[in-house]
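Only one structure is covered here, and it is reproduced in the block below.
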Amino acid sequence: MSYTHSVGERGHRRTVVGGAAGVVALVLLAAGCGAIPGSVTSVDDVSFDQELAIPPLAESEVIDGVRTFSLTAQEGTTSFAPAVEPGTETETWGFDGAYLGPTLRAERGERVAVDVANDLDEATSVHWHGMHLPPSMDGGPHQEVEPGGTWHPTWEIDQPGATLWYHPHPHGATEEHVYRGLAGMFILDDDATRAADLPSAYGVDDLPVIVQDKVLDDAGQLDLTDDGAEPGTLGGVVMANGTVGAFHEVTTERVRLRLLNGSTARTYTFGFPDRSFDLVASDGGLLEAPLELDHVRLAPGERAEIVVQLAAGETTRLASTEADLGSVAAPFAMGGNDAFDVLELRAADDLAPSPEPAWGPSQHAEADALDPDEATVTRTFELDERRINGELMDMSRIDEVATVGDTEIWEVRSTVPMPHSFHVHDVQFRVLSIDGDEPPPELAGPKDTVYLEPRRTYRLLMRFQDYTDDAVPYMYHCHMLRHEDEGMMGQFLVVEPGSEATPGPLRGSH
Ligand SMILES: [Cu+2]
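So this is what it looks like as structure tokens:
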């Protein structure tokens, strides 16, 4: 069997380039597109002969009942061959390693702590994306860690089992820090996910798949030039867990892929050329039941757990096909025409049996349920090019104040024909409707980030269950990280009833 080429397998338009020369060609293409800066009409085609890297499970120690992890942000070098000549080392950043970070894993009801250290030359932070936790533990721009500094957040895991992730969130520099490689998964387990009939052997049939795209310059170094492209840098080098042209040897009838769009700008439409799959979980945990799909769209920051079935001896590839970005002005300039393979799955000649995906309700289901009839507050958020409700991010300004215990509806709308996504810290929300219609079933599960098709109104239902603080805000923002860095973010407090906190200048400082 040959894995040297995948060009034209499914009739997708591809730019056939490979190796460093191809990277150069794409960079030139990206730089030379005149009216449409940053246009990338396809991504590099590579052979799929690199074994998929599996981020190690982070070690932890239970100290006085607290499961304690440690993470150190550091510099290193990484080989992205075959996107570069073998032997070329790319300067990257990672947690406890050169690129990305270990997978943290904890159980609902556990108390966790993370000893974060910053060995970089500049301040960074570690945000626990999707986590329900106090705002002072959230790792946003108010909890930056200075070079040589440490930070020790601790909180109780109190939410459904889910595929969350962690990444830096320093003010104005999030795009660069994530792009250089600072990101990792944080898997939560609970009674429902533990008892579920789902592939669950980490790294065997339960795979973290962090998908990212990069531009590598002619020296093989990460290029993050701001050439004015929207929604940010789209790279011609696509990687899974830092592996370009990755394959995984499948030994079971089904595999579970925990897909994370860890890109800074690119929206993917994941699927397989020759089969459907079951979507089993969205950002914040399990759906009500498996949902058979051909494709799932993921904007930066979104996750999807999917289960795919293989027959003995066969090979298929997780691919991203032309992403439906909604009514954006120039989809081709925003990656909407790009189609490429991401991960090859090679099934062994003998496969161990896997059950059909199924699960029962969580013992927490009733307490976790959100009821739109309980919503007492509606807020509206209008996004234009970089502003939310006409404002750019100001760390000393509180934009919204929510009262603990309240269920709220946030009506979010992008008013411009460019891609945005919307992420809310602290909560998992439900998409109630899009322009008044029921959302598609893949958006029916718990979400913390949602792609905003232009000029459509997304009604999001959420509840601020606990963790009040009059001085330390949570964030809401576009998760296209250049947009976020350029100010597309706001701050909200969750306060006790009767608190005197109001929108406006932030009192106190942290
Ligand atoms: Cu945006």
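Take the sequence shown: its position 58, counting from 1, is numbered 100 in our numbering, and each next residue is one higher. Glycine included, C-beta positions come from ideal geometry on N, C-alpha and C. Quick caveat, the model's predicted, so the values are computed rather than measured.
query	result
Where Arg317 falls, given that 16 or more other Cβ within 10 Å makes a residue buried	exposed
Integer Cβ distance of Tyr141 from Thr134, believed to fall under 8 Å	4 Å
Straight-line gap, Ala271 to His219 (C-alpha atoms, nearest Å)	19 Å
Heavy atom of ligand 1 within 7 Å of Ser290 beta-carbon	Note on residue identity: the sequence assigns His, not Ser, to residue 290. Flag unset: Cβ of His290 not near ligand 1.
Residues of its chain near Ala148, where Cβ-Cβ distance is below 7 Å and the 5 sequence neighbours each way are ignored	Arg109, Val154, Ile199 and Leu230
Span separating the alpha-carbon of Pro399 from that of Leu321	10 Å
beta-carbon Pro273 near ligand 1 non-hydrogen atom, thresh 7 Å	yes
Environment of Arg150 [buried if 16+ CB atoms lie within 10 Å]	buried
Residue burial classification, Pro128 (beta-carbon count within 10 angstroms, cutoff 16)	exposed
Under the three-state DSSP convention, the category Tyr516 falls into	strand
Contact test: Met522 Cβ vs ligand 1 heavy atom, cutoff 7 Å	yes
Which of helix, strand or coil DSSP assigns to Gln185	helix
Residue from His174, Ile252, Ser121 and Ala115 whose Cα sits closest to the Cα of Val536	His174
Any non-hydrogen atom of ligand 1 within 7 Å of Met376 CB	no
Three-way DSSP call (helix, strand, coil) for His465 in this model	strand
Which of helix, strand or coil DSSP assigns to Leu68	With a pLDDT of 38 at Leu68, under the threshold of 50, the modelled position of this residue cannot be trusted, and the question is left open.
Extent of the continuous beta strand (DSSP E) to which Arg339 belongs	His337 to Leu340
Residue interval of the beta strand (DSSP E) (run including Ala237)	Ala237 -> not in any beta strand (DSSP E); alpha helix (DSSP H) instead, spanning Asp233 to Ala237.
Arg428 to Pro545 span [Cα, whole Å]	20 Å
Contact test: Met530 Cβ vs ligand 1 heavy atom, cutoff 7 Å	yes
Local Cβ density within 10 Å of Gly432, reported as buried at 16 or more and exposed below that	exposed
Alpha-carbon to alpha-carbon, Glu450 and Leu548	22 Å
His525 beta carbon near ligand 1 (any heavy atom closer than 7 Å)	yes
Distance cut-off 7 Å: His462 Cβ against heavy atoms of ligand 1	yes
Residue(s) in a DSSP beta bridge with Leu302	Ile252 and Arg345
Integer-rounded CB distance, given that Gly487 should sit under 8 Å from Gly327	7 Å
Sequence ranges, alpha helix (DSSP H) only - wholly within the region 417–444, length at least 4	none
Inter-stretch contact at 8 Å, needing at least 3 Cβ pairs: the region 289–301 / the region 390–398	yes
Whole-angstrom C-beta distance between Leu502 and Phe534, which should lie under 8 Å	Not quite, the Cβ-Cβ distance comes to about 13 Å (not below 8 Å), so this is no contact.
Beta-carbon proximity list for Gln263, same chain, < 8 Å, skipping 5 on both sides	Thr132 and Glu133
Host alpha helix (DSSP H) of Thr216 (start-end)	Thr216 to Arg222
With 16 other Cβ atoms within 10 Å as the buried cut-off, status of Leu434	exposed
Sequence-distant residues of its chain with Cβ nearer than 7 Å to Val473 (five each side left out)	Pro481, Leu485, Lys489, Val492, Tyr500 and Leu502
Cα-Cα separation between Val187 and Ala341, rounded to whole angstroms	28 Å
Counted within 10 angstroms of its Cβ, other Cβ atoms place Val469 as buried (16 or more) or exposed	buried
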